[in-house]
Amino acid sequence: MSPTIPFQGVLYLAGNSRAFPGRELNLCESCAKAFNWAVALIVVDDEATTKGPEHRPVLQAALQRLRDSRAGAILVPNRSTISPIDGEFHEFAERVEKACAVIQVAAPR
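To convert, note that position 28 of the sequence shown is 72 in the working numbering; the numbers rise steadily by one, no gaps.
Structure (structure tokens):
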């Protein structure tokens with residue numbers, strides 16, 4: 045019998061030139077642990093607060109990892125990490141679902 049590979053998640057965090065997003069990282073790691081998911085990749089995106097989701101290469105690379113079946117979920121500390129605009133968040137979530145993956149928000153609104 046081959047060993048079971050744990051479900052893989054990508055942690056996507058908004059970067060900040062002043063400080064590393066440690067609190068957000070801990071929140072996402074705790075969420076992954078609660079679901080018994082392995083963390084496949086941790087991404088810190090310095091453009092997360094300045095560009096829409098479709099214009100962030102780092103976010104698109106994380107999405108590609110889902111499309112390539114190298115992970116099954118993307119975890120974010122809150123919805124606004126993807127976009128403070130509901131429509132943009134939902135559009136990105138649909139793209140994640142089309143990749144047969146899920147987006148998990150670690151903290152409720």
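For each residue, glycine too, the CB sits at the ideal point set by N, CA and C. Please read these numbers as outputs of a predicted model, since none were measured by experiment.
Shortest Cα-Cα distance from Thr48 to any of Cys72, Ala82, His134, Gly66 involves Ala82.
Three or more beta-carbon pairs separated by less than 8 Å link the region 127-146 to the region 111-118, which places the two stretches in contact. For Leu85, the closest of Leu69, Ile129, Val140 by C-alpha to C-alpha distance is Leu69.
Positions of the alpha helix (DSSP H) runs, each at least 4 residues long and wholly inside the region 57-121, are given as 66-78, 101-111 in order along the chain. No residue range can be given for Ile129, since it is assigned to no beta strand (DSSP E) and is classified by DSSP as neither H nor E.
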